[in-house]
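In UniProt numbering, the protein residues as written are 1 to 277.
Think of the CB as a built atom: it goes at the ideal place given N, C-alpha and C, for glycine as much as any other residue.
The structure under discussion appears below in the form of structure tokens.
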């Protein structure tokens, strides 16, 4: 084994070890607490449960508080699907226009897109706007809020990816008689599949795990999301720490599965615009 390969092997081993410590150990801690009895879990010790009751805790968590976990998962799923769908549609169209069209308004639009990543959201004025539109405390209003929060990042990804698509494809489609809508839908959009998958997975995890947004803009208890359910769960069941950790485990499963199956597409979509081809 050469010195370079030995060095690469050592660095890779250290990276795997650090990743295991940072991610796997906290996950194992959650699993252990979720399998314990209330008295054992309250000690918060990193130890094997004396009385293994993982499946009983799983059932108790899903049925506690009138099934608040079930309602939260359904609400978060609807919120995630609606928000990510709007992000993909609007972000793809805006990114294509910003990458292809050259106009005096381009720098202005780019400035506001970047400002969306830097400027923190104004909670009180946003609430006033939602109240004026009769959307405050409703799921459609929350979908618009989440879409707005993630749109800047989405547009930047699409714009970088479209920059790698040769303009000759657009010119050939126009010569074949394709209009703007057909050009985008039939030629450009199929080529955006890698970045679409990236946006779907990354933004879906962000929206699904968002706590501050629903806390401010969705105060209705009937439309509680998963993170608000954890907050409520902790407040109402302080003596049942095992059920709280079980709820954390249940809510962690969907984002974890999405990342495991789509991690290559995520990395490929994010780095696609880094190198001009």
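Euclidean distance between Cα positions of residue i and residue j
i	j	result
residue 147	residue 223	18 Å
residue 134	residue 66	29 Å
residue 119	residue 190	33 Å
residue 250	residue 225	13 Å
residue 245	residue 54	11 Å
residue 205	residue 104	36 Å
residue 21	residue 198	26 Å
residue 109	residue 186	26 Å
residue 33	residue 240	11 Å
residue 145	residue 247	26 Å
residue 127	residue 63	33 Å
residue 12	residue 3	14 Å
residue 165	residue 228	42 Å
residue 230	residue 24	21 Å
residue 19	residue 9	15 Å
residue 174	residue 207	38 Å
residue 141	residue 132	11 Å
residue 42	residue 17	29 Å
residue 169	residue 57	57 Å
residue 59	residue 35	12 Å
residue 211	residue 116	19 Å
residue 93	residue 6	47 Å
residue 294	residue 261	Outside the shown range of the chain, which is 1 to 277, sits residue 294, and nothing can be said about it.
residue 78	residue 215	17 Å
residue 111	residue 122	18 Å
residue 237	residue 181	The predicted model places residue 237 with a pLDDT of 48, which falls under 50 and marks its position as unreliable, so this point remains unresolved.
Whole-angstrom C-beta distance between residue j and residue i, which should lie under 8 Å
i	j	result
residue 69	residue 80	Going by Cβ atoms, the distance from residue 69 to residue 80 rounds to 16 Å, so no, they are not a contact pair.
residue 143	residue 82	4 Å
residue 91	residue 149	Incorrect: roughly 12 Å between the Cβ atoms, too far for contact.
residue 217	residue 130	7 Å
Proximity winner among the options, relative to residue i (alpha-carbon distances)
i	options	result
residue 95	124, 157, 18 and 77	157
residue 196	84, 41, 231 and 48	84
residue 200	18, 4 and 88	88
residue 101	175, 163, 203 and 227	163
residue 72	260, 117 and 139	139
residue 259	209, 202 and 230	202
residue 137	220, 207, 209 and 112	220
residue 38	52, 28 and 25	52
residue 209	177, 183, 256 and 179	256
residue 30	48, 16, 18 and 19	48
residue 253	27, 111, 9 and 3	27
residue 193	56, 161 and 17	161
residue 167	5, 7, 97 and 111	97
Cβ neighbour criterion (16 or more within 10 Å) applied to residue i
i	result
residue 242	buried
residue 14	exposed
residue 159	buried
residue 50	exposed
residue 75	buried
residue 188	buried
residue 124	exposed
residue 152	buried
residue 46	exposed
residue 155	buried
residue 40	buried
residue 113	buried
residue 99	buried
residue 281	With the chain covering only 1 through 277, there is no way to say anything about residue 281.
residue 184	buried
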